[in-house]
Amino acid sequence: MEIIVQTLDDLDDLAYAFALKWERIRRACRLTVFMAAAMLLQTIAIILAFYHPPIAFATLALLLVGLLYRGATTSESEYLPFA
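See below:
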């Protein structure tokens, strides 16, 4: 009977270890998507700066507001996906 309980405990430990690894992968993917979107927005802003400076300024303002909002609403540990 004790073998069954020990096996179930090992399976439980395995499931939680998998969940912890999955959370790290999810955070890394989320950070990667955020960084790619930020770089794309900056590239578009640079291109727009040559053709439509007022629109480029608005894009820059939106990016700044987004970064400030993210900095104000997330904890420090969410910035470090592998910490």
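Just so we're aligned, residue 36 is where the sequence shown starts under the working numbering, counting upward by one.
The C-beta atom is built at its ideal place from N, Cα and C for all residues, glycine as well.
Between Ala73 and Leu98, is the Cβ-Cβ spacing less than 8 Å? yes
On the CB-based measure, 16 or more other CB atoms within 10 Å of its CB, does Thr109 come out buried or exposed?
exposed
For the alpha helix (DSSP H) that Thr67 lies in, which residues bound it at each end? 37-86
> Hey, how far is the Cα of Thr16 from the Cα of Arg105?
Replying inline: Nothing about residue 16 can be read from this structure; the chain reaches only from 36 to 118.
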